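Following: one structure in structure tokens, then a few remarks.
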Amino acid sequence: MIKAHELNFDNGEYVFFNIDLFTSKNSSERPWYNESDTPERNEMAKKAYEALMTVTLRKPTNQKYREFSQDVKTRAEKLYKNFTYGEDEVNSFVGAFHDAVILYAIALNESLAANISISNGAEITKRMWNRTFTGITGNVSIDENGDRNADYSLLDMDPKTGKFRVVANYFGNIKQYDPVEGEEIHWAGGRTEPPPDTPKCGFDGSKCPPKEPFPLYVIVIIVLGSFIIIVLIVAFFVYRHFRLEAELAEMNWRVKWEDILFGSPSKNKKLERQGSRMSLNRKGSYHSSCSGDTIAAHLNNENRQLFTKTGYYKGAIVAIKAITRTNITLHKPLLLEIKGIKDLQNDHIVRFVGACIDPPHQCIITEYCPKGSLQDVLENDEIKLDWMFRYSIMQDIVRGMTYLHGSEIRSHGNLKSTNCVVDSRFVVKITDFGLHHLRKTDEEHEDESFAAFQRLLWSAPELLRMAQRPREGTQKGDVYSFAIICQEIVYRKGVFYLQNLDLSPQEIYEKVKNAIKPYFRPSMETFDCPTDELAGVIKKCWAEDPADRPDFQMLKGQIRKLNRDGDKGNILDNLLSRMEQYANNLEALVAERTADYLEEKRKAEDLLYSMLPKSVAGQLIKGESVMAETYDQVTIYFSDICGFTALSAESTAMQVVDLLNDLYTAFDTVVSRFDVYKVETIGDAYMVVSGLPVRNGSLHAREIARMSLALLKETYGIKVRHRPDYQLKLRIGIHSGSVCAGVVGLKMPRYCLFGDTVNTCSRMESNGEALKIHVSPQTKDILDTFGTFQLELRGDVEMKVKGKLTTYWLLGENPPYNASVTSHGIL
3 MIKAHELNFD NGEYVFFNID LFTSKNSSER PWYNESDTPE RNEMAKKAYE
53 ALMTVTLRKP TNQKYREFSQ DVKTRAEKLY KNFTYGEDEV NSFVGAFHDA
103 VILYAIALNE SLAANISISN GAEITKRMWN RTFTGITGNV SIDENGDRNA
153 DYSLLDMDPK TGKFRVVANY FGNIKQYDPV EGEEIHWAGG RTEPPPDTPK
203 CGFDGSKCPP KEPFPLYVIV IIVLGSFIII VLIVAFFVYR HFRLEAELAE
253 MNWRVKWEDI LFGSPSKNKK LERQGSRMSL NRKGSYHSSC SGDTIAAHLN
303 NENRQLFTKT GYYKGAIVAI KAITRTNITL HKPLLLEIKG IKDLQNDHIV
353 RFVGACIDPP HQCIITEYCP KGSLQDVLEN DEIKLDWMFR YSIMQDIVRG
403 MTYLHGSEIR SHGNLKSTNC VVDSRFVVKI TDFGLHHLRK TDEEHEDESF
453 AAFQRLLWSA PELLRMAQRP REGTQKGDVY SFAIICQEIV YRKGVFYLQN
503 LDLSPQEIYE KVKNAIKPYF RPSMETFDCP TDELAGVIKK CWAEDPADRP
553 DFQMLKGQIR KLNRDGDKGN ILDNLLSRME QYANNLEALV AERTADYLEE
603 KRKAEDLLYS MLPKSVAGQL IKGESVMAET YDQVTIYFSD ICGFTALSAE
653 STAMQVVDLL NDLYTAFDTV VSRFDVYKVE TIGDAYMVVS GLPVRNGSLH
703 AREIARMSLA LLKETYGIKV RHRPDYQLKL RIGIHSGSVC AGVVGLKMPR
753 YCLFGDTVNT CSRMESNGEA LKIHVSPQTK DILDTFGTFQ LELRGDVEMK
803 VKGKLTTYWL LGENPPYNAS VTSHGIL
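All you need for my numbering is the position in the sequence shown, starting with 1, plus 2.
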């Protein structure tokens, strides 16, 4: 209601209703008042409560109910001495319960009078319905559904007294609203009648126009501003139109045939040496094949590859693909398509250089990728491709297709491994897309040759079934083609490789087109892939239903996830590009390898430091022999879990492992706060020492004592997963004395302690008690020098080999030790 006041909802145009069936005396007097709130907020609440009405159950006013209420209070005070009603009113539901019993008694008596069994609940219930009788709460009316027609009261606040009073009643049995005589409803906002269903100005104020019209200068500014905005928008679109027309008329993509150089002039020798793989015959002419549709050909029993026809344009080597049309008409759709292709700029899209439309030399000129097509690379057994490289190839294709699908081209329509070319840096690029007005031939006819069916092996089944296949294809069809290329990358045995099955391209075409379940697809076994995810992604991409295939934007994330290592930076790509750009690449490579070596060295050292003391590990790293050393004074800690053998017998092996892992993880965290060294753990036994390998004077006893108290406290908070109610009972023993420490073993070196002190400490632990710290007299003497530890005499204890020994219990430290502060400083 305070929020409603802040929003001016208590201005008289709105009324709030509060349903409160159990209104108490306090809530009916001043419900807006809160003792813990400020006077200002209480006043705001009081003002807002003027717009609030409360609907509650009508309180009976007859003499019977008053007597009944007094009887309830008397019985409550008599039967329950600790409970008194005081001035509180008896809840109306108590009277309703009383009337319910009377109703049941009436129905039961009538049933008995009619010779109906008292166990016939259906008949007794029917006699309760649709009847009226007089109860202590007044007239009780039950309708035909068994529901009581309740009476309600409407409460409204008197703004002068701030109290709520009954202003009207509603009687359910006669369906009548009856205002209370002498009481009137106070409407908020000074109104004398109820507010209308819709506020005068509407809920958004739209029905109340401003009282004063806009000033003239405001109208002029609005009109002029709108006019200027419209003029700017029109001018922008006109400018774009004329700029587009100028760009189309300029035709900067058009290349003259005489500007293209062929042969190997001396000025281009350097380009050839840098890796151009032009296939030149003895007469000096070039082998000509399709730009992306390059296939492997076996000539003279040698595995030689045919690459696209190439030439030199503006000093750069370019790929040239002939246009089979004899007549090219330059119309606007063609010019727009060429402009869209020329504007594409992406690292994984072959750059369109231009086109020559001078008969008879019509051709498309694009960027030249000297490594040939992806099919050439995959079928070349001399090129070794690890899985990181293969993932990088897939990722390059996905990046290029993602960019292509997001451009005006929308789709490729002819994606295949022969249309994915590889540049000198082994970056895969997409080619032979768009320019459908130039690529189509003059005569369209059905080609049923071997090569024709070979080209259809990448096509999606839904496209194969179309009578007139669209040249631009579909985006989902491109995803299917990508899956076929991925299968080529996995097996490197040609397109649509089938294990243990030899089918011709035409037979494969018919099986894919017919869509007989199970749908015919190339071989893809999970064990042939490095991960199950890759096989799953490929199978999703060649799903029969195009709607089930992911798009390239989704594939981009999935392939990046598979190529975690290669995506951080294509090693071969980075290496080749840097070799071309920098002469001092070796220094950067050495620095990178040195950084990797140092990182691995740091990991190995960290692992060694976790197994051996840092000083000892340092000597081993340097190749020095570690000599055993004697320490005059150290303090050793031993502990184990009482009842661990019985608990292990009742638990599985994995449950025991989980228990020990939880226990030692918690213990290791506590131990790291103190100047101690964890020696080893054997089963449930835990051994810690202080005072070696770095001597710390007489502080070793203090550190072990504080650590013991901390571990004992930690034990109470450790829960056994499979037995949550089980309390671990830690038994601790500590002893001080001299030891000899050294590294034992070569294959798995261990830092071990030797001497009678170790044996005595073990005896202290085994002769201790659960959840107690057993202290030897030697340790007790050292702890007494600090004057803060609380020890209790246990008495003489008979120990094996040692005889009788007077021992003590460590109870605590006074003042309490702050575990967050250690000898090393604040954690």
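C-beta atoms are modelled at their ideal positions from N, C-alpha and C, and glycine is treated no differently. This structure is a prediction, so every number in the text was calculated from the model and none was measured.
Count the other CB atoms within 10 Å of the CB of residue i; is the residue buried (16 or more) or exposed (fewer)?
i, result
"HIS333", "exposed"
"GLN635", "buried"
"HIS350", "buried"
"TYR179", "exposed"
"GLN397", "buried"
"ALA593", "exposed"
"THR762", "buried"
"ILE120", "exposed"
"LEU812", "buried"
"GLU582", "Low confidence applies here, because GLU582 scores a pLDDT of 49, under 50, leaving its location unreliable and the question unanswered by this model."
"PHE166", "buried"
"GLN65", "exposed"
"VAL240", "exposed"
"THR528", "exposed"
"TYR315", "buried"
What does DSSP give as the partner residues of residue i in its beta bridges?
i, result
"ASN20", "THR56"
"TYR154", "LEU59, TYR172"
"MET526", "Beta-bridge pairing links MET526 to no other residue."
"ALA116", "The partner list for ALA116 (beta bridge, DSSP) is empty, contrary to what the question assumes."
"GLU767", "For GLU767, which the question treats as bridged, DSSP gives no partner whatsoever."
"CYS358", "CYS365"
"CYS742", "THR632, PHE756"
"MET689", "PHE640, GLU682"
"HIS737", "ILE638"
"THR134", "SER143"
"PHE791", "GLU815"
"GLU800", "LYS806"
"CYS422", "ILE432"
"VAL74", "Paired residues: none, contrary to the question."
"ILE351", "ILE432"
Near residue i, what residues of its chain come up, given a Cβ to Cβ distance below 6 angstroms and the 5 sequence neighbours on each side ignored?
i, result
"LEU694", "TYR633, VAL636, ALA743"
"ARG306", "Annotation note: pLDDT 37 at ARG306 (below 50); position unreliable, no value reported."
"VAL539", "GLN560"
"GLN377", "SER419, THR420"
"GLY356", "TRP255, VAL257, ILE367"
"SER290", "With a pLDDT of 33 at SER290, under the threshold of 50, the predicted position of this residue should be treated as unreliable, and no value is reported."
"LYS5", "none"
Alpha carbon to alpha carbon, how far is residue j from residue i? Give it in angstroms, no decimals.
i, j, result
"CYS644", "ASN816", "28 angstroms"
"ALA651", "VAL658", "9 angstroms"
"ASN122", "GLY137", "25 angstroms"
"ASP664", "ALA772", "19 angstroms"
"TYR219", "ILE232", "20 angstroms"
"ALA299", "GLY313", "Confidence at ALA299 is low in this model, with a pLDDT of 32, below 50, so the placement of that residue is unreliable and no value is reported for it."
"SER71", "LEU114", "32 angstroms"
"ASP642", "SER740", "23 angstroms"
"ARG193", "ILE21", "23 angstroms"
"ARG457", "ASP345", "28 angstroms"
"GLU535", "PRO472", "32 angstroms"
"GLU8", "LYS61", "34 angstroms"
"PRO181", "GLU52", "19 angstroms"
"HIS243", "GLY415", "30 angstroms"
"ASN13", "ALA190", "6 angstroms"
"LEU466", "ASP530", "29 angstroms"
"CYS2", "VAL745", "Because residue 2 is not part of the residues shown, which for the chain are 3 to 829, the question remains open."
"SER268", "GLU369", "Confidence at SER268 is low in this model, with a pLDDT of 44, below 50, so the placement of that residue is unreliable and no value is reported for it."
Once the 5 residues before and after residue i are set aside, which same chain residues still bring their CB inside 7 angstroms of it?
i, result
"THR404", "PHE554, GLN555, LYS558"
"THR717", "LEU730, LEU732"
Does the ligand ADP have a heavy atom nearer than 7 angstroms to the CB of residue i?
i, result
"GLU112", "You won't find the ligand ADP in this model; it holds no ligand whatsoever."
Spatial neighbours of residue i within its chain, please: CB distance less than 8 angstroms, with the 5 preceding and 5 following residues excluded, ordered by chain position.
i, result
"CYS292", "Interpretation of CYS292 is limited by its pLDDT of 36, a score under 50 that renders its predicted location unreliable; the figure taken from the coordinates is listed afterwards. Counting only Cβ-Cβ distances below 8 angstroms, and skipping sequence neighbours, we find THR310, LYS323, THR420, ASP434."
"TYR35", "ASN44, ALA47, LYS48, GLY164"
Within 8 angstroms (strictly less), CB to CB, does residue i reach chain B?
i, result
"ALA190", "Absent from the structure is chain B; it holds one protein chain and no more."
- Message: Suppose only complete runs of 3+ residues qualify. What are the beta strand (DSSP E) ranges in the segment 364–399, listed by chain order?
- Response: 365–369
- Unbroken stretches of the beta strand (DSSP E), 3 residues or longer, contained in the segment 162–239: 166–173, 178–181
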